[in-house]
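Peer 1:
Residue numbers (full-length UniProt numbering): 1 to 813.
1. Spatial neighbours of residue 50 within its chain, please: C-beta separation below 6 Å, excluding the five flanking residues on both sides.
2. Alpha carbon to alpha carbon, what distance is there between residue 486 and residue 492?
3. Give the secondary structure of residue 759 by DSSP, where H, G and I count as helix, E and B as strand, and everything else as coil.
4. Quick one: grab the DSSP three-state call for residue 225.
5. Check the C-beta distance from residue 587 over to residue 481 and give it rounded, since I have them as a contact under 8 Å.
6. So residue 205 and residue 233 are in contact, right, with Cβ under 8 Å, and what is the actual spacing, rounded?
7. Leaving out the 5 sequence neighbours to the left and right, which residues in its chain are closer than 6 Å to residue 292 when beta-carbon positions are compared?
8. Where residue 187 and residue 180 are concerned, what is the direct C-alpha to C-alpha distance, given to the nearest angstrom?
9. On the CB-based measure, 16 or more other CB atoms within 10 Å of its CB, does residue 333 come out buried or exposed?
10. Write down every uninterrupted run of the alpha helix (DSSP H) in the stretch 489-519 whose length is 4 residues or greater and which is fully enclosed by it, in chain order.
11. Is there a Cβ of chain D sitting closer than 8 Å to that of residue 687, yes or no?
12. Which of helix, strand or coil does DSSP assign to residue 189?
13. How would you label residue 399, buried or exposed, when you count the other beta carbons within 10 angstroms and need 16 or more for buried?
14. What residue range is occupied by the uninterrupted alpha helix (DSSP H) comprising residue 789?
15. Pick out the complete beta strand (DSSP E) segments inside the stretch 100-163, 3 residues or longer, and give them in chain order.
16. In this structure, what does DSSP give as the bridge partners for residue 22?
17. What's the C-alpha gap between residue 562 and residue 593?
18. Can you give the Cα-Cα distance for residue 367 and residue 715, rounded to whole angstroms?
19. According to DSSP, is residue 600 part of a helix, a strand, or is it coil?
20. What residue range is occupied by the uninterrupted beta strand (DSSP E) comprising residue 75?
21. Please list, in chain order, all residues of the same chain as residue 284 whose beta carbon is under 6 Å from its beta carbon, the five residues on each side excluded.
22. Could you tell me the alpha carbon to alpha carbon distance between residue 85 and residue 75, rounded to whole angstroms?
23. When burial is assigned at 16 or more other CB atoms within 10 Å of the CB, is residue 453 buried or exposed?
24. For residue 65, name the three-state secondary structure that DSSP assigns.
25. Between residue 585 and residue 551, which are expected to be in contact by the criterion C-beta below 8 Å, what is the C-beta distance as a whole number of angstroms?
26. Given a cut-off of 8 Å on the beta-carbon distance, is the pair residue 33 and residue 52 in contact?
27. Is the distance from the Cβ of residue 530 to the Cβ of residue 554 below 8 Å?
28. Within this structure, are the beta carbons of residue 352 and residue 297 separated by less than 8 Å?
29. Taking Cβ positions, are residue 793 and residue 581 nearer each other than 8 Å?
30. Assign residue 282 to one of three DSSP states: helix, strand, or coil.
31. Roughly how many whole angstroms lie between the Cα atoms of residue 463 and residue 469?
32. Less than 8 Å between the beta carbons of residue 791 and residue 764, yes or no?
33. Buried or exposed: which applies to residue 280, given that a residue is buried once 16 or more other Cβ atoms fall within 10 Å of its Cβ?
34. Quick one: residues in its chain with C-beta nearer than 6 Å to the C-beta of residue 700, no 5 flanking neighbours on either side, listed in chain order?
35. Pick out whichever of 215, 613 and 36 has its Cα sitting closest to the Cα of residue 339.
36. May I ask you to report which of helix, strand or coil DSSP gives residue 369?
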């Protein structure tokens with residue numbers, strides 16, 4: 001796999017002197033360099049691999065002791081001395097700076113602005129983090145500008161890497177994008193490289209556990225998942241695949257490259273067994289102890305590196321040595337042929353190597369990823385920790401050993417969303433937690449729900465007998481919910497894979513903070529745990545235990561202005577531009593779609609392992625506005641062992657609100673269409689296939705007691721190359737839902753005095769009361785918020801529930 005860089009800047013974009021150089025990479029992005037010896041760096045760095053761009057329009061004013069560079073967006077002033085806060089500053093031609101303050105080189109933003117306005121980046125690991133951690137800085141800020149210091153990063157030098165030249169040197173980048181956060185991230189990707197496309201299998205459910213499985217036991221476990229109708233796509237094997245505590249191992253045992261034949265007597269059969277089940281295998285590798293003489297690969301490595309194998313001298317792990325890295329990767333090829341589809345690189349030993357500036361984690365991530373792509377028929381993948389800006393080129397991220405606690409769960413949505421501010425979009429967390437903590441079935445279940453709407457879904461746990469994450473090991477209530485949500489994850493793969501491809505091309509991470517979409521709304525910054533998923537869904541995670549009286553979990557959320565929202569689990573429509581608290585039973589989760597949304601899914605209720613292209617699609621359609629959805633599939637994914645295609649197969653679905661018309665072309669297979677929250681069959685419903693009226697041939701039902709209730713139209717006759725048109729009638733609308741039946745179920749489950757239930761129910765069912773009177777009666781009861789809140793949520797969800805006179809309607813259409 002070629003690693004392409006273009007680091008030498010366009011000379012027309014460069015302004016330089018004897019000890020300074022500025023490169024105007026874009027009209028809102030500048031690179032600033034200082035070198036006491038006048039030698040500037042044109043090699044690619046771990047962050048910046050592309051610096052050649054068309055020169056933007058800019059003007060230079062150059063005097064003896066002052067330099068000015070002026071674009072439409074910024075005005076740089078420099079005194080031609082070593083960079084300092086007084087000598088290098090940038091003023092801006094946009095309104096989003098705090099108090100109109102300029103950027104001043106080296107000035108602590110916290111001192112300058114009374115507190116950092118940078119919106120954060122991400123961290124190397126969440127190891128032992130029980131709650132919040134420092135997420136560093138990203139390239140976006142409420143101040144309107146953000147600087148990225150690249151002075152100490154590793155450099156790519158020919159076929160290998162090198163440290164920075166010694167001496168007094170500064171190398172930085174200033175992003176001047178105001179509150180156009182998406183543009184700033186796209187600029188980041190243009191310099192640092194996009195996130196690559198993931199193989200489709202990476203988007204399904206991963207099974208991982210730190211546990212010494214026997215290979216037959218592991219295969220049986222995968223069969224147990226299938227027997228419970230829970231699909232899996234990736235089988236993670238932690239460190240016990242190799243020798244750990246055997247008497248021949250002369251060190252701690254974390255590093256190893258020799259199969260433990262007591263546990264894996266036939267690893268080739270293990271590979272075959274899992275591949276037959278459409279599962280990919282990743283093996284854990286802690287490389288820091290090097291290769292010792294007991295290893296099967298020792299003689300081969302010794303020969304490659306010129307060691308005398310008879311001396312049995314340990315081969316020290318030395319990633320700064322090109323010869324070692326070549327032999328090290330070739331050693332892994334043998335293991336890959338035995339039973340490994342990609343590597344879990346578990347480096348925990350810090351950023352230092354024999355060569356200053358060469359971080360072993362960077363070296364491992366880069367060379368393992370490039371090496372994995374050596375076969376053009378394989379989409380490369382690694383599983384490793386974040387190493388700094390530029391790490392987005394080497395997915396997937398391993399966030400480390402997560403503490404089992406509600407505080408850990410509560411931080412992960414914010415942590416994942418914030419990572420997008422540094423372009424890092426494919427975090428994989430220990431779902432359910434790994435270490436410490438207590439048994440808490442509800443905690444694990446809510447974590448699984450978050451995992452479904454996260455970049456990567458990977459269950460993980462310690463070797464404790466009591467901490468494993470098989471859903472059937474939990475109480476029946478929790479088992480059912482965990483199983484259903486893991487199935488939902490695989491049903492979402494058509495949507496996720498399309499987001500994966502489009503996001504790679506267009507610079508759109510899967511998870512995005514609310515302020516990316518609403519940068520001028522203060523409330524967008526006030527809900528850091530809430531995020532946009534796949535550009536289509538708003539997710540407000542529940543990260544606290546249920547209330548013991550109501551049995552409901554709660555989360556305070558913000559619904560931004562614009563079209564209204566529909567909860568994809570309950571079908572309830574919510575007015576926009578408001579704060580609201582969602583109350584949900586264990587089986588539900590607050591995930592909302594705007595009016596005018598189409599989500600492609602696998603129609604199968606029990607998807608197969610492996611995330612292959614589906615046999616039948618289901619389009620989840622939220623009417624109310626025009627909508628469009630693309631479905632992309634890898635044309636090679638239909639082959640059992642394929643991991644990368646030569647091209648993409650594409651379908652496009654359009655919905656025109658004024659006409660009430662949905663068009664999908666070309667169809668790739670039989671399809672089902674679910675119009676969320678449509679509660680009846682339109683009188684003038686028409687279905688056409690290639691222009692022929694096929695209305696009488698479709699199966700039409702209205703489903704209520706299910707996930708995503710609504711009007712379902714099944715077109716079993718559709719085939720590859722056809723186009724489908726469904727006509728609902730002009731300007732269809734989501735019906736007003738009567739909340740009475742849902743509130744009856746909720747209040748029934750309240751663990752409280754019957755008199756309290758009676759008083760709540762009387763208010764809910766009194767249709768004579770106006771809206772204001774009903775609210776006044778509820779609040780006058782003086783009950784705690786957890787009891788009254790769920791009632792208020794339902795009654796306040798949709799303002800259409802009340803007639804113009806202020807009286808509640810009772811329609812259920």
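Just so it is clear, CB atoms sit at the ideal spot from N, CA and C, and this is done for glycine as well.
Peer 2: In terms of the structure at hand:
1. 6 and 191
2. 10 Å
3. helix
4. helix
5. 5 Å
6. 6 Å
7. 250 and 314
8. 11 Å
9. exposed
10. 493-506 and 514-517
11. Absent from the structure: chain D. Only one protein chain is present.
12. helix
13. buried
14. 785-796
15. 146-149, 155-157 and 160-162
16. 15 and 32
17. 12 Å
18. 48 Å
19. strand
20. 74-78
21. 238, 239, 344 and 346
22. 15 Å
23. buried
24. coil
25. 7 Å
26. no
27. no
28. no
29. yes
30. strand
31. 11 Å
32. yes
33. buried
34. 681 and 713
35. 215
36. helix
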